[in-house]
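Participant: Residue numbers (the numbering used here), protein chains in the order written: chain A, 1 to 241; chain B, 1 to 208.
A virtual CB, placed ideally from N, CA and C, is assigned to each residue, including glycine.
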Amino acid sequence: MVDQGPFYHRDRSWHPPAFTPNYKTSVLRSPQQALLSLDNTISEMTGPVFGHDRIGPLDNDLLRNFAKTGDPIGQRIVVYGRVLDENGRPVPGALLEFWQANAGGRYRHKKETYLAAIDPNFGGCGRTITDEDGRYWFRTVKPGAYPWPNGVNDWRPAHIHFSVFGHAFAQRLITQMYFEGDPMIWQDPIVMTIPDKAGIEQLIAALDRQNTLPMDALAYKFDIVLRGRRSTMFENRMEGN
Amino acid sequence: MVQKLGFLKESPSQTAGPYVHIGTNPNWVEITGVWKEDLGLVLVAPETKGERVIIKGHVYDGAGDPLKDALIEIWQADAEGLYNSPQERRGRADPHFVGWGRQPADGTTGEYRFETIKPGRVPYSDGRLMAPHITFWIVARGINTGLHTRMYFSDEEAANAECPVLGRIAHKARVPTLIATRGEENGLPTYTFDIHLQGEKETVFFDI
């Protein structure tokens, strides 16, 4: 059964390590002791599931869900993709939440003081739930690059944050999506926390001219992969564990 | 060359960043009108079965300062030890208890706080019972991959002593980092669970 086995262990050499000193905040926020490896228990192999009834009609439309007087200013884009597991199987019913800066790189957050202007018609948050084939999409404006106090002249590449719920707490993931062709990706200390170039490339959405809407919005494709489950073929496990 | 196994790689994690609340708690950062309420703030309804408890604490960095931008999620069983999840095969969980909560640390003090119920015991993979526990997941600026840990209860000494997961911790001096201290607030049992990311009192984090 696809839905029952324990998860493949997380490849910690593929994910960023905790201590990445070029990203300065990680220095005091990284555990120094080794993680305790634990075979999955039912506490991690289960997780919350959210019904489609939680989602409002504009939740995946950042062009409209905060609009007061008109559309936000910026490059109109559609972001779409699939949520899959490591076995390549779709993950239906996955809640995705996303957030981003506006076209000028300004976040709508009370602690944010960057001088680029707030857009009165842009909130910057959205969410959706994948369909039975694991597909999702939303529309928004392309976020701008954003300066941050790390090095004296560090800028984040254009990015959209994603929070993903699969079917189990062990699959819980937060990541960031970057845009094809952005030269700043390779200069960013947060991107560069990922050790493997192929891992970084996995977070770069591809410009998709086929699905671009003529005279309306560019399309970017961004697939997300969550941990897959081991089949239980050689294990004598109690049902449900 | 041999046959390709054909597995995909998991999408690499990235930090949630300082503005995670825009996506997870928009109302809390005054982005109102997009959705009615932030997800995960309320765990308990009047119909929920079980003993009401408050879980609170701080997340501290390696300098001993509380994180004021952390986001904490919890996942737990109901009062009978059943999870409200399609993967739960042992029975049907309390329909009035989702078992998942999410709270931002307070922007001024760094305190987080959940009002929930005390979970029942659930079995380890070999069938032995684990002690009552709540699974925690912590993200924040500066944390590249979300941190998993567990909270246990100080008034469950016997169960804690036989918990197979706590038994896996080789350095026994680190076991107390997972045990929340019981107190009382307005007649409700309160458990304080402080999480130390780094240093002398570093919390045990799991690779699960």
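Which residue or residues does DSSP assign as beta-bridge partners of H148 of chain B?
Facilitator: In the second sequence, the residue the question calls residue 148 of chain B occupies position 148. Per DSSP, B:W137, B:F206.
Participant: Exposed or buried, what is N153 of chain A when buried is set at 16 or more other beta-carbons lying within 10 Å of its beta-carbon?
Facilitator: For the purposes of this step, residue 153 of chain A is taken as the residue at position 153 of the first sequence. It counts as exposed.
Participant: To the nearest angstrom, how far is the alpha carbon of G146 of chain B from that of Q100 of chain A?
Facilitator: Along the second sequence, read from residue 1 onward, the residue named residue 146 of chain B stands at position 146. Along the first sequence, read from residue 1 onward, the residue named residue 100 of chain A stands at position 100. Distance between the alpha carbons of G146 of chain B and Q100 of chain A is about 19 Å.
Participant: In this structure, does DSSP put G144 of chain A in helix, strand or coil?
Facilitator: Residue mapping note: residue 144 of chain A aligns to position 144 of the first sequence, counting from 1. Correct three-state label for G144 of chain A: coil.
Participant: Starting from I72 of chain B, trace the beta strand (DSSP E) in both directions and tell me its first and last residue.
Facilitator: Walking along the second sequence from the start, residue 72 of chain B turns up at place 72. Element bounds for I72 of chain B: 71 to 75.
Participant: Any idea if M1 of chain A is buried or exposed, counting beta-carbon neighbours within 10 angstroms, 16 or more meaning buried?
Facilitator: Counting from 1 along the first sequence, the entry for residue 1 of chain A is found at position 1. Per-residue confidence for M1 of chain A stands at a pLDDT of 37, beneath the threshold of 50, marking its modelled position as unreliable; the derived number appears in the next sentence. That one is exposed.
Participant: If you drop the 5 nearest sequence neighbours on each side, which residues of the same chain put their C-beta closer than 6 Å to that of P228 of chain B?
Facilitator: Chain B is shown only over 1 to 208; residue 228 of chain B falls outside these bounds and no answer can be derived.
Participant: Determine whether the beta carbon atoms of G228 of chain A and N87 of chain A lie at a separation below 8 Å.
Facilitator: As a working note, residue 228 of chain A is residue 228 in the first sequence. As a working note, residue 87 of chain A is residue 87 in the first sequence. The answer is yes: Cβ separation under 8 Å.
Participant: Out of curiosity, what's the CA-to-CA distance linking A16 of chain B and F19 of chain A?
Facilitator: Residue 16 of chain B sits at position 16 when you count from the first residue of the second sequence. Residue 19 of chain A sits at position 19 when you count from the first residue of the first sequence. So the alpha carbons of these two residues sit roughly 15 Å apart.
Participant: Is the Cβ of M130 of chain B closer than 8 Å to any Cβ of chain A?
Facilitator: By one-based count along the second sequence, residue 130 of chain B stands at place 130. Closer than 8 Å to some Cβ of chain A, the Cβ of M130 of chain B qualifies, so yes.
Participant: Quick check: the Cα distance between R76 of chain A and A198 of chain A, rounded to an integer number of angstroms?
Facilitator: Reading the first sequence from its first residue, position 76 is the one you call residue 76 of chain A. Reading the first sequence from its first residue, position 198 is the one you call residue 198 of chain A. Rounded to the nearest angstrom, the two C-alpha atoms are 28 Å apart.
Participant: Along chain A, which residues have their Cβ under 7 Å away from the Cβ of G17 of chain B?
Facilitator: As a first step, residue 17 of chain B must be located in the second sequence, where it is residue number 17. What G17 of chain B touches in chain A: H161.
Participant: Hey, how far is the Cα of E202 of chain B from the Cα of H148 of chain B?
Facilitator: Here the question's residue 202 of chain B lines up with position 202 in the second sequence. Here the question's residue 148 of chain B lines up with position 148 in the second sequence. Cα to Cα, the separation comes out at about 13 Å.
Participant: Counting contacts by CB-CB distance shorter than 8 Å, is G5 of chain A in contact with chain B?
Facilitator: Within the first sequence, numbered from 1, the residue matching residue 5 of chain A stands at position 5. No, G5 of chain A lies away from the interface with chain B (no Cβ there is under 8 Å from its Cβ).
Participant: A205 of chain A: which of A:L28, A:M177, A:R106, A:T212 sits nearest, CA to CA?
Facilitator: On the first sequence, position 205 is the one that residue 205 of chain A refers to. Cα-wise, what sits closest to A205 of chain A is A:M177.
Participant: Identify each residue in the stretch 197 to 226 of chain A for which the Cβ-Cβ distance to at least one residue of chain B is less than 9 Å, and report them in chain order.
Facilitator: Flagged, chain order: A198, G199, I200, Q202, L203, D223, I224, V225, L226.
Participant: Could you pull the start and end residues of the alpha helix (DSSP H) that M44 of chain A belongs to?
Facilitator: Position 44 of the first sequence holds residue 44 of chain A. For clarity, residue 44 of chain A is Glu in the given sequence; the question names Met instead. Here the alpha helix (DSSP H) through E44 of chain A covers 42 to 45.
Participant: With distances taken Cα to Cα, identify the nearest neighbour of D223 of chain A among B:V2, B:Q3, B:K4, B:L8.
Facilitator: Translated into the one-based positions of the first sequence, residue 223 of chain A becomes position 223. Here the closest residue by C-alpha is B:L8.
Participant: Counting only C-beta atoms, is S30 of chain A closer than 8 Å to chain B at any point?
Facilitator: Counting from one through the first sequence, the residue named residue 30 of chain A turns up at place 30. S30 of chain A counts as touching chain B.
Participant: Taking the alpha helix (DSSP H) that H21 of chain B belongs to, which residues open and close that run?
Facilitator: Along the second sequence, one-based indexing puts residue 21 of chain B at 21. H21 of chain B -> alpha helix (DSSP H) spans 21 to 24.
Participant: Please return the same chain residues whose Cβ sits closer than 6 Å to the Cβ of M238 of chain A, not counting the five positions on each side in sequence.
Facilitator: On the first sequence, position 238 is the one that residue 238 of chain A refers to. Bear in mind that the predicted position of M238 of chain A carries a pLDDT of just 47, short of 50, making it unreliable; the figure below should be weighed with that in mind. Nothing listed; no residue qualifies.
Participant: Contact criterion: CB-CB distance below 8 Å. Does F153 of chain B meet it with respect to chain A?
Facilitator: Within the second sequence, numbered from 1, the residue matching residue 153 of chain B stands at position 153. Not an interface residue.
Participant: What's the gap between the Cα of L95 of chain A and the Cα of R127 of chain A?
Facilitator: Start at 1 with the first residue of the first sequence, and residue 95 of chain A comes out as number 95. Start at 1 with the first residue of the first sequence, and residue 127 of chain A comes out as number 127. Cα to Cα, L95 of chain A sits roughly 7 Å from R127 of chain A.
Participant: Is there a Cβ of chain B sitting closer than 8 Å to that of A18 of chain A, yes or no?
Facilitator: Along the first sequence, one-based indexing puts residue 18 of chain A at 18. It does: the Cβ of A18 of chain A has a partner Cβ on chain B nearer than 8 Å.
Participant: Interface residues of chain A around N186 of chain B at Cβ under 7 Å?
Facilitator: Position 186 of the second sequence, counting from 1, holds the residue named residue 186 of chain B. By Cβ distance, chain A contributes nothing, its closest Cβ being about 28 Å from N186 of chain B, past 7 Å.
Participant: Within 10 Å of its beta-carbon, does V164 of chain A have 16 or more other beta-carbons around it, so buried, or fewer, so exposed?
Facilitator: To locate residue 164 of chain A, count along the first sequence from 1; it is residue 164. It is buried - the Cβ of V164 of chain A has at least 16 other Cβ atoms within 10 Å.
Participant: Would you report the Cα separation of V29 of chain B and L35 of chain A, rounded to the nearest angstrom?
Facilitator: Mapped onto the second sequence, residue 29 of chain B falls at position 29. Mapped onto the first sequence, residue 35 of chain A falls at position 35. Each residue's Cα considered, the two are about 33 Å apart.
Participant: By how many angstroms is the C-alpha of E37 of chain B removed from the C-alpha of D61 of chain A?
Facilitator: Numbered from 1 along the first sequence, position 61 holds the residue referred to as residue 61 of chain A. Numbered from 1 along the second sequence, position 37 holds the residue referred to as residue 37 of chain B. Whole-angstrom Cα-Cα distance: 18 Å.
Participant: Would L28 of chain A pass as a contact of G57 of chain B if the rule is Cβ separation under 8 Å?
Facilitator: Counting from 1 along the first sequence, the entry for residue 28 of chain A is found at position 28. Counting from 1 along the second sequence, the entry for residue 57 of chain B is found at position 57. Their beta carbons are not under 8 Å apart, which means L28 of chain A does not touch G57 of chain B by this criterion.
Participant: Output needed for L218 of chain A: all residues of its chain with C-beta closer than 6 Å, excluding positions within five of it in sequence on either side, in chain order.
Facilitator: Counted from its first residue, the first sequence places residue 218 of chain A at position 218. Only I77, T212 meet the Cβ criterion.
Participant: In or out: L39 of chain B buried (at least 16 other Cβ within 10 Å) or exposed?
Facilitator: Translated into positions along the second sequence, residue 39 of chain B becomes position 39. By the 10 Å Cβ count, L39 of chain B comes out buried.
Participant: If I follow the unbroken alpha helix (DSSP H) through A180 of chain B, where does it start and stop?
Facilitator: Start at 1 with the first residue of the second sequence, and residue 180 of chain B comes out as number 180. Careful: A180 of chain B lies outside any alpha helix (DSSP H), inside the beta strand (DSSP E) at 179 to 185.
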